[in-house]
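In this text, residue positions in the sequence shown follow the working numbering: the first is 11, and each later residue adds one.
Even for Gly, the Cβ is constructed at its ideal location relative to N, Cα and C.
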Amino acid sequence: MTKTTPNYFLYLSIIWILCIIIINPIGDFPLNDDWSYAHNAKALALENKIVFHDWGAMTLIVHTIWGALFCKLFGFSFTVLRASTLVLGWGTLLVTFLYFKEGGMKKKYAFWGTLLFAINPFFLENAFTYMTEIPFLFFFLSAALFFQKSINGKNGFNLIYATLFSILATLIRQPGVLIPVAFFFIHIIKNKPSLKTVIQAVTPAISTLLSLTLFVKWRATNFGLSENFGQAKQLINNITRGKFVSSLQHISYGDFTLWGLFLIPLLVVLVPYFWKNITHTKKIIFIVITLLFCYPFIIIPDKVFLGNTFFNLGMGPIVLPSSSNFSPPQIGENDWKNLYTIGFVAGIFLVKWIFIKTYQLFIFIKNKNENTVNWGSLFALTTAFGYFLFLMLNTYFFDRYSIIAFPFFILLLIPPHTNFDIPNFFKILGIACFAIISIFSISATHDYLSWNRARWDATNYALDELKIPYDQLSGGFEYKKMYNFTSYGPTDWEDMEYWNTSKEQYKLAFSPQCKYNVIKPVPYFRYLPPKQDTMYLLKKEHLSRIDTIFCDVENITDEGKQLFSNHENILLKNAEQRTTNKARSGKYSILSNRSHQYAFTFKLKNAEPCEKIWVSVWRSPSSVYGNAVLVYGHYFFIPSEFKRVAMEGDWGKSTQEFTVPADF
Numbered sequence: 011m012t013k014t015t016p017n018y019f020l021y022l023s024i025i026w027i028l029c030i031i032i033i034n035p036i037g038d039f040p041l042n043d044d045w046s047y048a049h050n051a052k053a054l055a056l057e058n059k060i061v062f063h064d065w066g067a068m069t070l071i072v073h074t075i076w077g078a079l080f081c082k083l084f085g086f087s088f089t090v091l092r093a094s095t096l097v098l099g100w101g102t103l104l105v106t107f108l109y110f111k112e113g114g115m116k117k118k119y120a121f122w123g124t125l126l127f128a129i130n131p132f133f134l135e136n137a138f139t140y141m142t143e144i145p146f147l148f149f150f151l152s153a154a155l156f157f158q159k160s161i162n163g164k165n166g167f168n169l170i171y172a173t174l175f176s177i178l179a180t181l182i183r184q185p186g187v188l189i190p191v192a193f194f195f196i197h198i199i200k201n202k203p204s205l206k207t208v209i210q211a212v213t214p215a216i217s218t219l220l221s222l223t224l225f226v227k228w229r230a231t232n233f234g235l236s237e238n239f240g241q242a243k244q245l246i247n248n249i250t251r252g253k254f255v256s257s258l259q260h261i262s263y264g265d266f267t268l269w270g271l272f273l274i275p276l277l278v279v280l281v282p283y284f285w286k287n288i289t290h291t292k293k294i295i296f297i298v299i300t301l302l303f304c305y306p307f308i309i310i311p312d313k314v315f316l317g318n319t320f321f322n323l324g325m326g327p328i329v330l331p332s333s334s335n336f337s338p339p340q341i342g343e344n345d346w347k348n349l350y351t352i353g354f355v356a357g358i359f360l361v362k363w364i365f366i367k368t369y370q371l372f373i374f375i376k377n378k379n380e381n382t383v384n385w386g387s388l389f390a391l392t393t394a395f396g397y398f399l400f401l402m403l404n405t406y407f408f409d410r411y412s413i414i415a416f417p418f419f420i421l422l423l424i425p426p427h428t429n430f431d432i433p434n435f436f437k438i439l440g441i442a443c444f445a446i447i448s449i450f451s452i453s454a455t456h457d458y459l460s461w462n463r464a465r466w467d468a469t470n471y472a473l474d475e476l477k478i479p480y481d482q483l484s485g486g487f488e489y490k491k492m493y494n495f496t497s498y499g500p501t502d503w504e505d506m507e508y509w510n511t512s513k514e515q516y517k518l519a520f521s522p523q524c525k526y527n528v529i530k531p532v533p534y535f536r537y538l539p540p541k542q543d544t545m546y547l548l549k550k551e552h553l554s555r556i557d558t559i560f561c562d563v564e565n566i567t568d569e570g571k572q573l574f575s576n577h578e579n580i581l582l583k584n585a586e587q588r589t590t591n592k593a594r595s596g597k598y599s600i601l602s603n604r605s606h607q608y609a610f611t612f613k614l615k616n617a618e619p620c621e622k623i624w625v626s627v628w629r630s631p632s633s634v635y636g637n638a639v640l641v642y643g644h645y646f647f648i649p650s651e652f653k654r655v656a657m658e659g660d661w662g663k664s665t666q667e668f669t670v671p672a673d674f
C-alpha cells in the first residue's frame, strides 16, 4: 500500500480559515495604529493620491498600495483592509513552511514549526488588523526563502526573486535591509573567494539599500518626512549616546522573555535532545555561561517585557478605563509573577541553545567541513542576530516587534535533516503548552476585536443617535486620532476645577465609573473566560463643592488636644504637635516627624464611595512631600502624592485630589 503524503498546505489553509471564523474580523473600526495607515490607503484608493500620515515611522508605500488595491476592488472599510492583511497572513504561513523545509527541516517539523509561529499571539492579533507586521513578514520571509534556495546552490532566478522581495519588504519597514545583509555574510563565508562570489553577495544588499535611499529622497522631496521617520543616523546616534547599552540592559531582557515564553512548546521537547546529544562537559560550560550572562537581568522589574500589545490575560492595547479587575479580565499579581518567571527561565534556555548552536556552527566552519554545516541554521542565526541588534539600536520597545525573529529562532532550534525521538512525557508537556498558547492567542484576539466592536457601536450611537459633538466624547486612543483632536479636560479625577467646564462630558469605559451616569450599555461576548460582558457609554455628573473644612492651627480646645476648624462640629486631632518655632502666617504650625507622622487627623461623616476629596496644605521645607491617608477600620487607602502648586520662601503649597474608592 502506498503511503499518502500529507498535504500540509491544505492543513495550514484549513486551520487559518477556522481561525478567521472563530475570531471574526468583521467591523469597520481601527485597531492600534492602523487608523494612520488606513488614511494613506483611503487617499490612494478613493482619490488616487499618494499621502503619508505623519504618525508612521516606516516607509509604508508597499503596504499602502496593497491595502488600496483591496479597497479599489471592494470599497474602503477597515474590514476590507483587515481582509487584505489576512490574505497575506495566510501567504506568510505557506511561505514559512517552505522556508523551514528549504532551511533543512523535515516536512512534519516544518509543519509544526509553522503552526507554532501561527498561534503566536503577536502574529495572530496583528493578522486581524491593518498593521504593518504581517505584510512585512510576508515579504521578509519570502526573501529569506529565495535567499535560502540560492545558498543551497539552486540557481536560476532565486537571487533575483530574493532581491525583489527584500526591496518590497524594505518599502514597508526599513529593517527589510537586514535580510540581504545576512545573505551577504553567508554567501561570502560559504563560497570560495572570487569576483563572482563578491558580486553575487553584494548585489542584493546594494540594490535594497539603493531602493531605500531613492525612496527616502523621493518622499522627502515630494511629501516631506514625518518627525519620527526612522533613519540610519538615528540608530548611529543611539550608539554614541549610550542608548545601545541601556537597551541591552533592559529591552533585551523583555525580548528574550517574550521569545522564551512563546517558544516554550519547542523548548520543552528539545530538553531530552540537549541532554542526549551534548557532552557533560559542554553542558556544564554552556549552563554556566548562560547563567552568568543572564544573572544581571534577574533584578529587572517583572513587567518590563510588556509594551503595547500583550496585556495580562488578553491582547491590546487597552485604551479605555475600567474600575474592575474582571473587565477586561486579569490574572492576579502572584500568577503574573509566575508567568514572568516561566518566560524568564524559558528565555534563559533559549539563550543557552543559541550559544550551543553558535558554537557548533563556528566549529564546523572552522574545520571547513561544508557537508556538516547547516547553512540554513547559520542564515537564520545571522538574520536573528541582525534583527536583535536593530531592536537594541532602535531603543523603542514594542512587544509586537519581537514577532519578526520567531521563525528564525524556530529554524535555528529544530535539528536539521533528522528525526529525533521525544519521550512521551516531554511530548505531552509540549502539546499541553502548545494548546495553552493556542487557546490564549485565539481567545485573546477574538476578545480584542469583540470589545472594540462594542466600543465603536457605542461610539456610533453617541455620534449618530445622540448627536454628541465628536470632541465631547473620550473614546480612547484610536478615536481621538481618527478625529484628530487631543483631550480637552479630565475624564478622571485630575484637575477637578475644570470637571464641569471641560469639553469631554462623555466617555467609554469597560465598567461604570465614579461620578458618571450610564447612558447606554453595549453587550459583547468574550472567550477568556467565556462570558457576556458590557461596554459602557457614560456621561459626567455635575459636581458642586459642598463642604470646605479650613484650619489655621491658631485655636485649640480647652484640653489642648484638638484644633478648631471653620465647622463647629469638626475638630482636628494632633493639637499637641503644635509649635511656635516656625509659622507661615499667624503664630503656629504643626510639627510632624517619625514619631508623629500625621499633621491633621479628622473623621469624615457620611462619606460615600466615589466621594471626591481635595486637600490643600502649606509645608516647610517645601521639598518634603506628604500624603493623605484614608482609613476605614483595618483598611487603608493611600492616593498619589501631593502636587506642589505654589512657593513662598521656604514654604510650598501642595494639593492632592482623590476619590473614596468605589469598593472601599
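Every unbroken stretch of the alpha helix (DSSP H) spanning 4 or more residues and falling wholly within the region 195-253 is given here in chain order: 205-232, 242-250. Within the same chain, W628, W661 come within 6 Å of R594 by CB-CB distance, once the 5 residues on both sides are set aside. In this structure, the beta-carbon distance from L349 to D457 does not fall below 8 Å. For I341, the CB contacts under 7 Å within the same chain, skipping 5 residues up- and downstream, are N322, L323 in chain order. Excluding sequence positions up to five before and after F156, its CB lies within less than 6 Å of the CB of N168, Y171, A172, all in the same chain and listed in chain order. E618 sits in coil when the DSSP states are folded into three classes, being neither helix nor strand. DSSP, read as helix, strand or coil, puts M402 in helix. Exclusion of the five residues before and after K111 leaves K117, A120 as the residues of its chain whose Cβ lies within less than 8 Å of its Cβ. Looking at the DSSP output, D543 shares a beta bridge with Y534. For E488, the uninterrupted alpha helix (DSSP H) segment begins and ends at 487-492. For the pair E488 and T319, the CB atoms are not nearer than the 8 Å cut-off. In the same chain as R588, and ignoring 5 residues on each side of it, the C-beta atoms closer than 8 Å to its own belong to V563, I566, L573, Y598, S599, I600, L601, in chain order. Assignment of L181 by DSSP, reduced to helix, strand and coil, places it in the coil class.
L401 is the residue among K202, L205, L401 whose C-alpha sits nearest the C-alpha of I246.
Around the C-beta of I446, fewer than 16 other C-beta atoms lie within 10 Å, and the residue is accordingly described as exposed.
The way I'd put it, the region 180-190 does touch the region 222-233; three or more beta-carbon pairs between them come closer than 8 Å. The distance from the Cβ of F80 to that of L70 is about 16 Å, inconsistent with a contact at the 8 Å cut-off.
Annotated three-state conformation of E112 is helix, per DSSP. Counting only the Cα atoms, I623 lies some 26 Å from I529. By DSSP's assignment, M325 forms a beta bridge with F320. Around the Cβ of Q607, a 10 Å sphere holds fewer than 16 other Cβ atoms; the residue is exposed.
Buried is the label assigned to M141, since at least 16 other Cβ atoms lie within 10 Å of its Cβ. One alpha carbon belongs to K490, the other to W466, and they sit about 13 Å apart.
Under DSSP, the beta-bridge partners assigned to E658 are W661. The continuous beta strand (DSSP E) containing F646 extends over residues 645-647. Straight across, the Cα-Cα distance linking Q184 with F233 is about 18 Å. According to the DSSP assignment, Y458 belongs to the alpha helix (DSSP H) that extends over 434-470. Inclusion of T392 and F195 in the CB contact set at 8 Å is warranted, their separation being smaller than that value.
Under a 10 Å Cβ-count criterion, P619 is classified as exposed, with fewer than 16 other Cβ atoms of the shown protein chains found around its own Cβ. By the Cβ neighbour-count rule, E143 is buried, with 16 or more other Cβ atoms within 10 Å of its own. A direct Cα-Cα distance of roughly 41 Å separates F668 from G240. Put simply, the backbone Cα of F395 is about 10 Å away from that of F418.
Taking C-beta atoms under 8 Å as the contact rule, F374 and V383 qualify, at a distance of about 4 Å. Secondary structure note for Y516: it is in no alpha helix (DSSP H), and the uninterrupted beta strand (DSSP E) holding it is 516-519. With respect to the 8 Å criterion, W363 and L302 are not classified as neighbours on the basis of their beta carbons. The beta-bridge partner set that DSSP reports for K549 consists of Y516, N527.
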